[in-house]
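These notes concern the structure reproduced below.
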């Protein structure tokens, strides 16, 4: 073996090792990027959940305010009716009906406000669940990508060795064991083995 052949062999081996190391580093980078994206999605999900809780609290406060305004309006109506001399108790059907209408409208406003807050909160909670699922999917996808990168790197390193030794031809022409006669005939017809 001449000096050039020795140097070429060493450089080839070093290139193979560098290629495998590059594949490992790339796979690691893919995984780390996915983990960072998952952390980001989890953070955004937590923000959405916090906003959802704030929406619920705000709608509860607004509903309480609607009820308080209705109570205040009823109190004012009763006071005005009493000061006018027209009667303000249960013996005055007009004021009772008006007060009932005001109370009903106040409760309707409160219920509508609560419903709106609950719906907005539900949307934010759904968004948070979606973000967490996206984060998990990113991590899972990165595992498959990392495996593919590693397999590609190792395949690139071992392929030339297998070709040089003739092992790849033996594997390519190897017939699987335990095949039924019809599967064997099918494989031969496809040219998968001899």
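Numbering (the working numbering), first residue to last: 5 to 198. Ideal Cβ positions, reconstructed from N, Cα and C, are used throughout, including at glycine.
Rounded distance between the beta-carbons of residue 56 and residue 125, thought under 8 angstroms: Position 121 of the chain shown holds residue 125. Position 52 of the chain shown holds residue 56. With a Cβ gap of about 4 angstroms, residue 125 and residue 56 count as contacting.
Rounded to whole angstroms, what is the Cα-Cα separation between residue 139 and residue 107? Reading the chain shown from its first residue, position 135 is the one you call residue 139. Reading the chain shown from its first residue, position 103 is the one you call residue 107. Their backbone Cα atoms lie some 48 angstroms apart in a straight line.
Residue 181 - DSSP class collapsed to helix/strand/coil: Position 177 of the chain shown, counted from the start, is the residue given in the question as residue 181. DSSP places residue 181 in coil when its eight states are reduced to three.
Rounding to the nearest angstrom, what Cα-Cα distance links residue 137 and residue 35 in this structure? Mapped onto the chain shown, residue 137 falls at position 133. Mapped onto the chain shown, residue 35 falls at position 31. If I take the Cα positions, the gap works out to 17 angstroms.
With H, G and I counted as helix, E and B as strand and the rest as coil, what does DSSP make of residue 200? Missing from the structure shown is residue 200; the chain here goes from 5 to 198 and no further.
Segment contact flag, the stretch 53-72 with the stretch 111-128, C-beta cutoff 8 angstroms, min 3 pairs: yes
How about the stretch 129-136 and the stretch 35-49: do they share at least three Cβ pairs that are nearer than 8 angstroms? yes
Counting Cβ pairs, one atom from each stretch, are 3 or more of them under 8 angstroms apart for the stretch 138-153 and the stretch 27-34? Look at the beta carbons and you see the stretch 138-153 touching the stretch 27-34: at least three pairs across the two are nearer than 8 angstroms.
Sequence ranges, beta strand (DSSP E) only - wholly within the stretch 41-117, length at least 3: none
Around the C-beta of residue 11, are 16 or more other C-beta atoms found within 10 angstroms, so that it is buried, or is it exposed? The residue labelled residue 11 in the question sits at position 7 within the chain shown. Residue 11 comes out exposed.
Do residue 81 and residue 112 count as a contact pair if the criterion is CB distance below 8 angstroms? Here residue 112 is taken as the residue at index 108 of the chain shown, counted from 1. Here residue 81 is taken as the residue at index 77 of the chain shown, counted from 1. Contact: no.
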